[in-house]
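Going by my numbering, the sequence shown opens with residue 59, and the numbers climb by one from there.
Ideal Cβ positions, reconstructed from N, Cα and C, are used throughout, including at glycine.
Predicted, not measured: the structure shown is a model, and the values here were computed from it.
Structure, as structure tokens:
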Amino acid sequence: MVALGPAPPAELRRRPHRYLLPARSMLWRIHSARRTVTGFRPPSDPGAPGGGRFDTTRPDEGGVLYCSEDRSTALVERLLRSQKFDGRGDRLLGEQLFAGRRVSMLQTTTELVLITLVSATDLAAVGQNDWLVQAEPHQFARTQEWARWLRSIEQSAQGLVWQSRRDRPGRAIVLFGDRCPAGALAAVPHSEFDLDSDTGREHLRWLLRPYYVTIPGKPG
């Protein structure tokens, strides 16, 4: 049996550190082309394959929206979860990993309150070390349990922010649909492109080149 990792503290006598995400913040998101850029993904079953680090899980009512302040961080967080370097130090990104997906920009219309898990002291404030933000996908059932616990002890939290595991020092963000007010997020017109289009594929090649990622198919 694979160990899931530590459970949240049974009793915590301090509050998590908070970060105020300003209104008019510009954020990037990788999402299904069938979903709007401001649409939240519904809660999942705990530890379900393909789920995210801090997903809400049933019976929670609110969904989640993962995003980043940097487009490259958003791409790397979503697309390079399990891609290994080959003997030449390169990585191959198969089309099945980005087909049907879109990159879009959104903007906050109001200030949002996030629990910050970026620094060592942020993590210590919730009784954890960097395991919480570095755990592998097979341990996400446990990190999702931490997300439920953090939501329960900080009712004002509308999301979480942490340092990206795959694109340091970039930051990843998850927003909670049941905590963000209606209209808190707005699409930025003409910012989106489909990753499996000719234009999107070329953008993907250019953006992921510094990460030594190869995109299959003939260049446009």
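Distance, Gly258 Cα to Pro67 Cα: Residue 67 sits at position 9 when you count from the first residue of the sequence shown. Residue 258 sits at position 200 when you count from the first residue of the sequence shown. Whole-angstrom Cα-Cα distance: 44 Å.
Pair within 8 Å by beta-carbon distance, Tyr77 and Ala230: Position 19 of the sequence shown, counted from the first residue, corresponds to residue 77. Position 172 of the sequence shown, counted from the first residue, corresponds to residue 230. Cβ distance not < 8 Å, so Tyr77 and Ala230 don't count as in contact.
Sequence-distant residues of the same chain with beta carbon closer than 6 Å to Ala244, five excluded per side: Here the question's residue 244 lines up with position 186 in the sequence shown. Cβ within range, chain order: Gln165, Thr167.
Should the segment 219-235 be regarded as contacting the segment 172-180, the criterion being three or more beta carbon pairs within less than 8 Å? yes
Assign Tyr77 to one of three DSSP states: helix, strand, or coil. Locating residue 77 in the sequence shown gives position 19, counting from the first residue. Three-state DSSP puts Tyr77 in a strand.
Whose C-beta lies closer than 7 Å to the C-beta of Gly36 among residues of the same chain, with five residues either side of it excluded? The structure shown does not extend to residue 36, since the chain spans only 59 to 278, so no value can be given for it.
Rounded C-alpha distance that separates Arg159 from Ala91: Stepping through the sequence shown from its first residue, residue 159 is reached at position 101. Stepping through the sequence shown from its first residue, residue 91 is reached at position 33. Going from the Cα of Arg159 to the Cα of Ala91 covers about 5 Å.
Three-state secondary structure (DSSP) at Tyr270? Here residue 270 refers to the residue found at position 212 when the sequence shown is read from its first residue. Residue state, collapsed to three classes: coil.
Taking C-beta to C-beta, are Val232 and Gly121 nearer than 8 Å? Sequence index remark: in the sequence shown, residue 232 carries index 174 (1-based). Sequence index remark: in the sequence shown, residue 121 carries index 63 (1-based). Taking 8 Å as the cut-off, the beta carbon of Val232 is found no closer than this to the beta carbon of Gly121.
By Cβ distance, which residues of its chain are closer than 7 Å to Glu169, with the 5 residues on each side in sequence left out? Looking up residue 169 in the sequence shown gives position 111. The answer, listed in chain order, is Leu78, Leu79, Pro80, Ala81.
Pick helix, strand or coil for Val171, following the three-state DSSP scheme. Position 113 of the sequence shown, counted from the first residue, corresponds to residue 171. Annotated three-state conformation of Val171 is strand, per DSSP.
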